[in-house]
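Numbering (our numbering), first residue to last: 178 to 265.
All C-beta atoms in this analysis are idealised placements derived from N, C-alpha and C, irrespective of residue type, glycine included.
This structure is a prediction, so every number in the text was calculated from the model and none was measured.
Input: a single structure, listed below in C-alpha cells.
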C-alpha cells in the first residue's frame, strides 16, 4: 500500500494504457508516480497467524482487586454483590 507524500491519501493503481506505463496516482491531488517496467507488483502476501498468549493467568485472579456492586435482579430488587475487578 502506497501513501501520497503530498496529502496522505492512499494511492490508486492504474494499468498501462496506450504506451503509458502503469502508475500510482492520488485521487485527491495531482500527484502521480510512474512505475518502471522492470518492477513486479506482488498481488498477495500470505501472512502467518501468531499464537495468542494469555496476558493474565488464572493464578493472577486470586490477588485481583474486588469491589462491591449494587445490581438489580429480575424482580427489580437491588442486591449487593462482590465483583472481581477486571480489565476488558
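Under the rule that 16 or more other beta-carbon atoms within 10 Å means buried, what is residue 210, buried or exposed?
exposed
Can you say whether residue 181 is buried or exposed, counting buried as having 16 or more other CB atoms within 10 angstroms of its CB?
buried
Near residue 191, what residues of its chain come up, given a Cβ to Cβ distance below 7 Å and the 5 sequence neighbours on each side ignored?
199, 200, 202
Which of helix, strand or coil does DSSP assign to residue 176?
One cannot answer for residue 176 here, as it falls past the ends of the chain, which runs 178 to 265.
Given residue 214 as reference, the closest of 229, 208, 205, 193 once Cα atoms are compared:
193
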